[in-house]
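Residue numbers (the numbering used here): 22 to 286.
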């Protein structure tokens, strides 16, 4: 009697975090190993911090507090857009490359869970985005505002930190979106196109009269709220926008988990 067996590899059952540390450490080494992060750091400081610093160092006779707030505002306004675009570009192939290189075949043959691949990559990319893309350029900008513009040390620090938190949440939203798309599709071009469509579409809500009413409650309003905090204005709708963005980020990750469980090698 011949017994037929299913030759397909089955996903590992058990804890959905099984193997998280291996994936997480692998991604950290890829981002920070061999001092590769230094070139990325220089690049993001040049993209995010330099334009704001250059535009406020033209010998203006404004009061120090005005120069300081202008510098922080320009950093958040001019720097957030390339950060968002960069997040999509940096993560567009995070899952697709694993499929193309048959890394998933290795994952399914080891005691590693498929959701651990998603959460491991998300955590590692979140650290990279929070430190190299956003964190250090923001620190440099604030130090310049203190030294050159004469901004009081602690006067604007709480507001600036709140603004950075909103910006970071926006980057995590785009990170989760791109990872989810990578789990759902098999072509980098498709992932990139849809991610940019969502980002640009959200940023264009104000251009449509019918959609202007929902814009304050969406992820697209976070950049504006971050800038307005520096000016001393905080709107209650910002809490709703943050909550909505956070819930969508979690939803994207859950969809990515589900899709990876269904993925057949």
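Think of the CB as a built atom: it goes at the ideal place given N, C-alpha and C, for glycine as much as any other residue.
Segment limits, alpha helix (DSSP H) that includes residue i
i           : result
residue 211 : 209–224
residue 145 : 135–149
residue 168 : 157–168
residue 175 : Here residue 175 belongs to no alpha helix (DSSP H), and DSSP marks it neither H nor E.
residue 154 : It is not in any alpha helix (DSSP H) - residue 154 carries neither H nor E in the DSSP assignment.
residue 249 : 243–251
residue 46  : 41–53
residue 206 : No alpha helix (DSSP H) contains residue 206, which DSSP labels as neither H nor E.
residue 236 : Taken as a continuous stretch (DSSP letters only), residue 236 belongs to no alpha helix (DSSP H), as it is neither H nor E.
residue 283 : 258–283
Straight-line Cα distance separating residue j from residue i
i           : j           : result
residue 249 : residue 275 : 32 angstroms
residue 97  : residue 204 : 31 angstroms
residue 252 : residue 271 : 30 angstroms
residue 149 : residue 52  : 7 angstroms
residue 33  : residue 280 : Summary for residue 33: the model assigns pLDDT 46, below 50, so the residue's position carries little reliability; its value from the coordinates is reported in the next sentence. Each residue's Cα considered, the two are about 15 angstroms apart.
residue 227 : residue 258 : 16 angstroms
residue 99  : residue 39  : 40 angstroms
residue 180 : residue 243 : 14 angstroms
residue 66  : residue 74  : 10 angstroms
residue 62  : residue 101 : 16 angstroms
residue 55  : residue 109 : 24 angstroms
residue 59  : residue 255 : 35 angstroms
residue 207 : residue 261 : 34 angstroms
residue 190 : residue 246 : 12 angstroms
residue 136 : residue 154 : 25 angstroms
residue 57  : residue 230 : 46 angstroms
residue 47  : residue 200 : 17 angstroms
residue 219 : residue 202 : 11 angstroms
residue 144 : residue 277 : 14 angstroms
residue 172 : residue 95  : 15 angstroms
residue 211 : residue 146 : 21 angstroms
residue 30  : residue 50  : Per-residue confidence for residue 30 stands at a pLDDT of 43, beneath the threshold of 50, marking its modelled position as unreliable; no derived number is given.
residue 26  : residue 283 : In this prediction, residue 26 has a pLDDT of 42, which is less than 50 and means its spatial position is unreliable; nothing more can be read from the coordinates.
residue 225 : residue 170 : 34 angstroms
residue 165 : residue 76  : 13 angstroms
Residue i Cβ short of 7 angstroms to the ligand FMN heavy atom set
i           : result
residue 208 : In terms of ligand content, the structure shown is empty, and the ligand FMN therefore cannot be addressed.
Could I get the ranges of all uninterrupted alpha helix (DSSP H) runs contained in the region 59–119, with 4 residues as the minimum, in chain order? 71–76, 85–112
Flag this pair as touching only if the region 159–173 and the region 139–150 have three or more C-beta atom pairs under 8 angstroms; answer yes or no. no
For the pair the region 103–114 and the region 189–205, tell me if three or more CB-CB distances fall below 8 angstroms. yes
At least 3 beta-carbon pairs within less than 8 angstroms: the region 162–176 vs the region 108–121: Short answer: they don't touch.
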